[in-house]
Structure formats: C-alpha cells, structure tokens
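Chemist: First to last, the sequence lines map onto chains X and F. Residue numbers for the first sequence follow the working numbering, so the first one is 73 and each next one is one higher. Residue numbers for the second sequence follow the working numbering, so the first one is 802 and each next one is one higher. Beta carbons are placed, not taken as given, at the ideal position from N, Cα and C, and that holds for glycine. Predicted model, so just to flag it, every value in this text is computed and none were measured. First the structure, then my questions, so here it is.
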Amino acid sequence: MAKGISRQAALKNYHANRDKTVTPEELDVPELLKKFHPDYDETSMVSLQVGPNKGDKCHKQLADLLQSDAMIDEADLAGAPVYETDVLVIGGGGAGCAAALVAAEKGARGILATKLRLGDSNTVMAEGGIQASIEKNDTPQMHFDDTIKAGHHCADKKLVEKLVMEAPDVIRWLIQHGMQFDENQFGDLVTRRAGGTSADRVVYYRDYTGLEMMRTLREGVLNRNVDVWEYNPVVELLTNESGHCAGAIVMSLNKKSYTIIKAQAVIMATGGIGRLHLNGFPTSNHIGATADGLILAYRLGAKLRDIDSFQYHPTGMAYPRHMAGSLITEGIRSAGARLLNGLGERFIDELKPRDCVTSAILKECAEGRGIDDGDGVKGVWLDTPTLERENPGFLEKRFPKVLLTGKMCKINPKEEPLLIYPTLHYQNGGAVIDEKGISTVPGLYCVGEVSGGMHGRNRIMGNALLEIICFGRIAGSEAAELIHGRGHKKVTIEHLSRLRRELTHAGLPMVSKSPALFPDYAKQGGGS
Amino acid sequence: MKEKEINVNINGKDIALPTPMSAIQAVWHAGYPMVHGVGCLEGVCGACKVLVRRAGGTEITTELGCQTMTEDGMQIIFLVFPTPNHHSYELSDLKNSWETQGHFHHVFPEAAHCRHCSGCTKSCPKDIDVEKGVDLAVEGKFREAGELFLECVMCGLCLTSCPERITPNHVGIFCRRVSAYFHIRPSNLINRLEEIRKGRFKIEY
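And the structure:
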C-alpha cells in the first residue's frame, strides 16, 4: 500500500487549505465499491458447506464459527436445573428489552437472559438517532425509497414497508416509556438528515440517543414482571420433537454451569458481529458482539441472508491508537462537518451512503493521499473545527460525546480535526424473518441486528434503532399471543447430532467450538 | 525511540506497559482475561467502574476503566459488584402530572432524607452534580433534575455511596422519564400519526 502523508505535514496542509471550498468530483459508485469496499474482497469469502445456506458466499471468519462444533453435548446437561417460562428473550439490548416489555405488557411470563448486564449492547452506544418520517415534506414512501435504494435494491420490501409505516408510532411508544428527544422552541421534534436520504428524518437526543433509549428501556424492564438473568449467555437452543424451538441452554459466567430454560417462544436479540474484527478492521461494537445468536439460529436450521455484507462506518477514531474503532457519529457530517484528505482537500460528498464514503476513504489511503503516521495510525481528517468556527458553541450543544471523546484523546475537536478511519460497525444481513419477526424455524423469533432483510446490503443511519424497537415490539407481541396452556413436553438438543453428522460428512475439522461469546483478547488476555 | 515504560498496579498485579492505554486494555495487554466489568469500551455503559490512586497522591477517585488512561505509578482496582435497585414503579400508574410529586415520594421515600454528604457527587465518574439532582427531585423540579442526569450511564456508583440508601441514578432516570411521559407532545409527530391512522399513506413497491 502506498505510504501516506505524515500527521504533522497533513495538519499543515489542513490549516493552509481549510478555507477553500472545492466540490469533490463525482465518483463512479459501483466501480468505487468494487475496488475498495472490504465486502468485495473475494479472498476473504468462502462458500458454506453445511446448513440451510449451503453453497452461499460467506465471510471466512463467520463461516468458521457457523461450521464449528457446539460447546455442549447430552452429558453436560445431566443434572442441569430446568426452568420453564412462556417467552424467553435472549439479549439485553434495545431489541430484547422492547420485546420483553411488550410480551410482559401482554401478560406473558418472561425471562430475559443476557451475556453481561442488562443494557450491555450496541444500542447504548448509538449516537446518531432514529428514523421516522414526521416532517411535512417527508412521507413513509420516501423513507421506503431511501432505504431500498441505499440497500442496493436487495432489501425485503415487506419488511421495509412495516418498518417505515411503524416508525412514527415507535417514536410515540418510546416517549410514552419515558425517552426524551430534542425539541425545538415549539415542542416539535427536531430532525436531521442521514447520509444517502432525501429528507430530514432522523430524530435524536443530543449524540446520546442510544444511551437515552437504553436507560429508559432498562428501567422499564426492571420495573416490569420480567425475570432478568444477567451474566448468562445462551450457548445452545432447544427443540421439541417436531423441530419447534422450545427454549435454550444458558451458561452462568459466574458458576460456569448450565441451566435449561424451556419456553414456548424464543426471541433472539443478540445483535451483531463487530468483535470478530472481520478483515482485521477495528470495531465500534460492544465487547459482546460475537455473532452468537446468528450461529445458534443457523444450527437449528434458520436460513440466513446477506451474510457476506457488512457495514464499515466511515468515521471511527484512528488516533490515538488506544481509541481505534471508537465511533464518531454520522450526525456530525449531517451537521456539515467535512472529510479532508492529507492534502487538505475534500474527496467525497460526505452525505453519500456509508458504503460509498467508507470506500472513498479507503481509496484516499490506498492511493497515498491519506494520512499515515506508521504503526497502523492512518486515515483522513474529520473537519470539526470549521463547524465550530462557523457556529460557536454548536459542538457543546449538539455533540457533547464528540467533545468527551476529544478529551480522552487530549485533542480539542474545536481546534484540531480528528483523524478517522472506517470501523466495522454493523452486520447488514442476518436471519431471514417475516413481518412478524419469525425466522424460518417455528417458535424462533429473530429481531434487531441478528435478523436480516431490512437493510439490504447497506444500512442508512437511524434505521437500526428503528428496527430494534419496531420488530422487538412486534415479536414480543406475537410471541405472547402464541402462548397456550401447556408448554413443550420434551425438549432436546437432537439438532446437534445432525450438525455433527453434516460437519463430518463435509470433512470439516470439529476442533473449534462456538458460539465465541467473547473475543480472544478478552477471554485470554493479549493485545486488543 | 523507545518510550519510557509505564508501571501500574491493577487488581494487585504489577503491570508494565510500553505505551499509554486504558485500564481495561492494560489488563488485557498483561495477559489477564477480563470479561466481567467490560462493556462498550466507550464510556457509556457503566460496566467498568474502578478505584484509582495516582502516583504520590492520597486521594482515591472513582472512574470508568475504559476512560481511565494509565499513568506511571497508578493503582487501579476494578469494582465488579451488582447495584441492585429496591424501588419499583410503572409510568402507566401515573394518571396525571399533578400526582407526580406525591408519587415520587411514595416510590423514593429515602430521597427526602439526604444528609448532603456529597458522597454521590464525588463518586460520579461523569461529574454530575448528583446531590443537587436529588434535591431538585425532592422539590418536585423533575425537568431540571432530569437535565442534570443527561450524561448518566447508570454505573451505580452513587447508589453504593449513599448512606441513606437513596438510589440517585434511579431518581434521575425517574425524573427524565416523567418529563418525557407527560411533557413531550410534538405536533409534527402527532400530525403524522393521525395521517397514518386515517390511511393516508400506502407504500408502493
């Protein structure tokens, strides 16, 4: 890779050129993506050899987990305590909490099992906001069209229709559960524009939208009749004799022992995959984002889609190194912050869809116009100082978290631009679901990032927070309706015999076990 | 040029670091596994509470491990303990905002017993004026109290430092929630909901 421009030289260029207003030249988008987006790197893809997606393209690191052995077998379950409930929710982020809340409101008994603490999730870190077409010059149809287009026309239209039509009611529901949003002087919700969209549609609370959402929902769940099992990651799903999902096995991180939870419906809300660090990228994700739910659902026979498509968010911190991967919200580009290369020049319309902007940054770096300080510190500038100069006090008011991040790095974003580089952010695909949130396995709902189809092959800002609440609510409600008098009589892990047979047939080594639960550097120690 | 090593002590273990890094990264760097007490790594989930003493100082501060940059001679202890809440309420039990104050004191009876020891404020890793927030809530100024808790990540340090068993963080979230529940009524959102209810929008594929 071509060496770039040193940080010091690039800072000089920045100060010399920052007042120039140059419109960047139009880039050929398909060509740009093909050459520079990590999804198009054929060497990182393999074909799946077992399971419902046999033959499909999949990222190698994910394929290794999808095709590894289970952690448990029958012997581990001897003497394991058995609990019974109506609805088992797996995952304690926004989607899981929404599902658990709604199921409880509908009168179902519920257990929410989560790997760490309730609220430990990517939701809490979401900054930008949540999409809902509420402005006069906007319509659900425009929201629909933007989502489909940004997803390269691969999204499931029925799911997108549900998403955009439910969006305003999702906001109402959140407010009714006590979530605040930024308002103007008339009490209207203020909106900002997401990259790749045609109207101001993102509602938000400062750059703490996810934090505000999560602490509200967490409080809601804790005050409801939901049994919360913290530090209890799910390590396997259970079925009844007809293949219907019938509960799960959780492993207590404190006691290292297994517990069987029988449930009439299971809602998988385990989130994404960032901590697998695909293609060696840094990530903006929570420590627990290791694709557990995706793998367990796949083993049970759930069909997945778009598992070769991931989102690399354009603006992750790149300097100093200990902050690598931390996210700077897209909201700040939406508010007018520019991206500048090492020469101090703009190179892309900052509000193009995320995959375009990311590819453009990677292009600048690959062609030597990026900033490269050696030792893995490379990227382009995010021009926060100009934003502050044009509108003093603006950063304080709208982006307190960006200033806090600056404080951590000993960089003042009001005076010095931030060095940023794309960071692994989101799993675009996931388990195939229908409009009720149910996967291809009866009794197994998948909601939030673990599900696929809403976003096609690229997600726009604000549609993730929308999706988790929209489909979390739907699944919670549907699952509660499903409850009938008696639970499942017999539960088994029969599907693991099938898995092991298939793996042996395909000649795959059963040396590694999944789900991963945590990245190796957290489990064993070692550099992050 | 080789930078000077940074020597720290974390959870009783001496650790030498080649470059500055966060307390969590330091534990991992030294080869110790750690998943309890780790969360978002961005300072918003409140999982990684630590006690910190800096070289030569006697003061002990409470901070977040992912946001604490290691310095030579620093002593750090991770605090991994549950922070149980002993209050319970449902927003839907509040039928109108005239009853909020009475309801608040019913749910959080200890809040009015604040001794003003400022333990909560000192313990807050986000520099929130927690004690003032509790005072405002007791007076019924819920919106103002809630505003103070803007950056609260629910780490629970304030709760563990309160001799009266007030749960200031939950008080703060209560204040924020009732403000939204009763007072956020945006006309742009309400108009759109009404239009959707009347069937004005159909999606064309």
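(1) Between the segment 243-252 of chain X and the segment 973-982 of chain F, can you find at least three pairs of beta-carbon atoms closer than 8 Å?
(2) By how many angstroms is the C-alpha of E911 (chain F) removed from the C-alpha of L892 (chain F)?
(3) Ignore the nearest five residues each way along the sequence and tell me which others in T342 (chain X)'s own chain have a CB closer than 7 Å to its CB.
(4) So which of X:Q80, X:A271, X:G123 and X:V94 has the shortest CA-CA distance to L62 (chain X)?
(5) Say whether chain X places a C-beta atom closer than 9 Å to the C-beta of R854 (chain F).
(6) Residues of chain X with CB closer than 7 Å to the CB of L1046 (chain F), please, in chain order.
(7) Identify, in the order they occur along the chain, each residue of the same chain with its Cβ nearer than 6 Å to the Cβ of S600 (chain X), setting aside the five sequence neighbours on each side.
(8) Could you list the residues in the segment 506-518 of chain X with a C-beta less than 8 Å from some C-beta on chain F, going in chain order?
(9) Could you please give me the residues that DSSP links to L261 (chain X) through a beta bridge?
(10) If you measure between the beta carbons of G520 (chain X) and G165 (chain X), is that distance less than 9 Å?
(11) Kindly list the residues whose CB is nearer than 7 Å to the CB of S919 (chain F), restricted to its own chain and excluding five residues on each side of it in sequence; keep chain order.
(12) For the beta strand (DSSP E) containing R410 (chain X), list its first residue and its last residue.
(13) Assess, as a yes-or-no matter, whether the segment 464-472 of chain X is touched by the segment 122-138 of chain X under the definition of 3 or more beta carbon pairs within less than 8 Å.
(14) Can you tell me whether DSSP reads M117 (chain X) as helix, strand or coil?
(15) Would you give the residue range spanned by the beta strand (DSSP E) that N535 (chain X) belongs to?
(16) Could you check if Y1006 (chain F) is buried or exposed, using at least 16 other CB atoms within 10 Å of its CB as the buried criterion?
(17) Between L960 (chain F) and chain X, is the shortest Cβ-Cβ distance under 9 Å, so that the two count as touching?
(18) Hey, does N304 (chain X) have any beta-carbon neighbour from chain F nearer than 9 Å?
(19) Establish whether the CB of L496 (chain X) and some CB of chain F are separated by less than 9 Å.
(20) Which residue marks the beginning of the alpha helix (DSSP H) containing K229 (chain X), and which one marks its end?
(21) Could you list which residues in chain X have their beta carbon closer than 9 Å to that of E974 (chain F), in chain order?
(22) In angstroms, rounded to a whole number, what distance separates the CA positions of S898 (chain F) and V307 (chain X)?
(23) With DSSP as the reference, identify every bridge partner of V474 (chain X), one or two as the case may be.
(24) Measuring alpha carbon to alpha carbon, tell me which residue in X:G388, X:L476 and X:C169 is nearest R287 (chain X).
(25) In whole angstroms, what separates the C-alpha of N500 (chain X) from that of E114 (chain X)?
(26) Taking the alpha carbon of G957 (chain F) as the reference point, which residue from F:C841, F:T884, F:I929 and F:C846 has its own alpha carbon closest?
(27) By Cβ distance below 6 Å, which residues in the same chain neighbour A913 (chain F) in space, the five residues on each side in sequence not counted?
(28) Does the Cβ of Y112 (chain X) have 16 or more other Cβ atoms within 10 Å, making it buried, or fewer, making it exposed?
(29) Between the C-alpha atoms of M73 (chain X) and E439 (chain X), what's the straight-line distance to the nearest angstrom?
(30) Using a C-beta cutoff of 9 Å, does L951 (chain F) count as contacting chain X?
(31) Sorted by chain position, which residues of the same chain lie with C-beta nearer than 6 Å to F108 (chain X)'s C-beta, five sequence neighbours on each side aside?
(32) Taking H394 (chain X) as the query, report the chain F residues whose CB atoms sit under 9 Å from its CB, ordered along the chain.
(33) Would you list, in chain order, the members of the segment 223-234 of chain X that have their beta-carbon closer than 7 Å to a beta-carbon of chain F?
(34) Residues in the same chain with beta-carbon distance under 7 Å from P392 (chain X), minus the five sequence neighbours each way, listed in chain order, please.
(35) V242 (chain X) to I541 (chain X), Cα distance in whole Å?
(36) Sorted by chain position, which residues of the same chain lie with C-beta nearer than 7 Å to E460 (chain X)'s C-beta, five sequence neighbours on each side aside?
Modeler: Judging by the given coordinates:
(1) Judged by Cβ distances under 8 Å, the segment 973-982 of chain F makes contact with the segment 243-252 of chain X, as three or more pairs qualify.
(2) One-based indexing of the second sequence puts residue 892 (chain F) at position 91. One-based indexing of the second sequence puts residue 911 (chain F) at position 110. For L892 (chain F) and E911 (chain F), the distance between alpha carbons rounds to 20 Å.
(3) Residue mapping note: residue 342 (chain X) aligns to position 270 of the first sequence, counting from 1. Scanning its chain for C-beta atoms nearer than 7 Å, with the 5 sequence neighbours on each side dropped, one finds around T342 (chain X) the residues I162, G163, D364, G365 and V522, in chain order.
(4) Look at the range of chain X in this structure, 73 to 600, and you will see that residue 62 (chain X) is not part of it.
(5) Position 53 of the second sequence, counting from 1, holds the residue named residue 854 (chain F). Answer no: the Cβ-Cβ gap between R854 (chain F) and chain X never drops below 9 Å.
(6) The requested residue 1046 (chain F) does not occur in the structure, where chain F is confined to residues 802 to 1006.
(7) The sequence position of residue 600 (chain X) within the first sequence is 528, counting from 1. With a pLDDT of only 47 at S600 (chain X), under the threshold of 50, the placement of this residue in the model should not be trusted, and no figure is reported.
(8) Identification of residues in the segment 506-518 of chain X having a C-beta nearer than 8 Å to some C-beta of chain F yields an empty set.
(9) What you label residue 261 (chain X) is simply residue 189 of the first sequence in a count that begins at 1. The partner list for L261 (chain X) (beta bridge, DSSP) reads X:E255.
(10) Start at 1 with the first residue of the first sequence, and residue 520 (chain X) comes out as number 448. Start at 1 with the first residue of the first sequence, and residue 165 (chain X) comes out as number 93. Going by C-beta atoms, G520 (chain X) is nearer than 9 Å to G165 (chain X).
(11) Working through the second sequence from its first residue, we reach residue 919 (chain F) at position 118. Excluding positions up to five away in sequence, the list reads E932.
(12) The residue you call residue 410 (chain X) lines up with position 338 of the first sequence. Boundaries of the beta strand (DSSP E) harbouring R410 (chain X): R410 to L412, taken from the DSSP string.
(13) Here the segment 122-138 of chain X does not lie against the segment 464-472 of chain X, with fewer than 3 beta-carbon pairs under 8 Å apart.
(14) Indexing the first sequence from 1 puts residue 117 (chain X) at position 45. Residue state, collapsed to three classes: strand.
(15) For the purposes of this step, residue 535 (chain X) is taken as residue 463 along the first sequence, with counting starting at 1. Run containing N535 (chain X): none in the beta strand (DSSP E); it sits in the alpha helix (DSSP H), N535 to L554.
(16) Mapped onto the second sequence, residue 1006 (chain F) falls at position 205. With fewer than 16 neighbouring CB atoms inside 10 Å of its own CB, Y1006 (chain F) falls in the exposed class.
(17) Position 159 of the second sequence, counting from 1, holds the residue named residue 960 (chain F). No, L960 (chain F) does not count as interfacial toward chain X.
(18) In the first sequence, the residue the question calls residue 304 (chain X) occupies position 232. By this cut-off, N304 (chain X) is not an interface position.
(19) As a first step, residue 496 (chain X) is located in the first sequence; it is residue number 424 there, counting from the start. Interface flag for L496 (chain X) against chain F is unset, since no Cβ pair is found closer than 9 Å.
(20) Looking up residue 229 (chain X) in the first sequence gives position 157. Here the alpha helix (DSSP H) through K229 (chain X) covers K229 to Q248.
(21) If you number the second sequence from 1, residue 974 (chain F) lands on position 173. Reading the sequence as shown, one finds Ile at residue 974 (chain F) and not Glu. For I974 (chain F), the chain X residues whose Cβ falls inside 9 Å of its Cβ are G250, R287, T288, R290 and E291, in order along the chain.
(22) For the purposes of this step, residue 898 (chain F) is taken as residue 97 along the second sequence, with counting starting at 1. For the purposes of this step, residue 307 (chain X) is taken as residue 235 along the first sequence, with counting starting at 1. Cα to Cα, S898 (chain F) sits roughly 45 Å from V307 (chain X).
(23) Looking up residue 474 (chain X) in the first sequence gives position 402. V474 (chain X) pairs with nothing; no bridge assigned.
(24) The residue you call residue 287 (chain X) lines up with position 215 of the first sequence. It is X:C169.
(25) Translated into positions along the first sequence, residue 500 (chain X) becomes position 428. Translated into positions along the first sequence, residue 114 (chain X) becomes position 42. Taking the straight line joining both Cα atoms gives about 18 Å.
(26) Start at 1 with the first residue of the second sequence, and residue 957 (chain F) comes out as number 156. Looking from the CA of G957 (chain F), the closest CA among F:C841, F:T884, F:I929 and F:C846 belongs to F:T884.
(27) The sequence position of residue 913 (chain F) within the second sequence is 112, counting from 1. Shown here for A913 (chain F): same chain residues with a beta carbon closer than 6 Å to its own, the five before and five after excluded, namely V939 in chain order.
(28) Taking the first sequence and counting its residues from 1, the one referred to as residue 112 (chain X) is at position 40. Using a 10 angstroms sphere on the CB of Y112 (chain X), the tally of other CB atoms stays under 16, which defines it as exposed.
(29) The residue you call residue 73 (chain X) lines up with position 1 of the first sequence. The residue you call residue 439 (chain X) lines up with position 367 of the first sequence. Any answer about M73 (chain X) is weak, because its pLDDT of 47 lies below 50 and its placement is not dependable; what the coordinates show is given next. Taking the straight line from one Cα to the other gives about 8 Å.
(30) Here residue 951 (chain F) corresponds to residue number 150 of the second sequence, with the count starting at 1. Chain X contact via Cβ: present.
(31) Translated into positions along the first sequence, residue 108 (chain X) becomes position 36. Hits under 6 Å: S431, L434 and K435.
(32) Walking along the first sequence from the start, residue 394 (chain X) turns up at place 322. Residues of chain F whose Cβ lies closer than 9 Å to the Cβ of H394 (chain X) are, in chain order, T820, P821, M822, S823, Q826 and M870.
(33) Those would be K229 and E233, in chain order.
(34) Here the question's residue 392 (chain X) lines up with position 320 in the first sequence. Answer for P392 (chain X): C481, listed in chain order.
(35) Along the first sequence, read from residue 1 onward, the residue named residue 242 (chain X) stands at position 170. Along the first sequence, read from residue 1 onward, the residue named residue 541 (chain X) stands at position 469. Approximately 7 Å between the Cα atoms of the pair.
(36) Numbered from 1 along the first sequence, position 388 holds the residue referred to as residue 460 (chain X). So the list reads F466, L467 and K486, once near-sequence residues are dropped.
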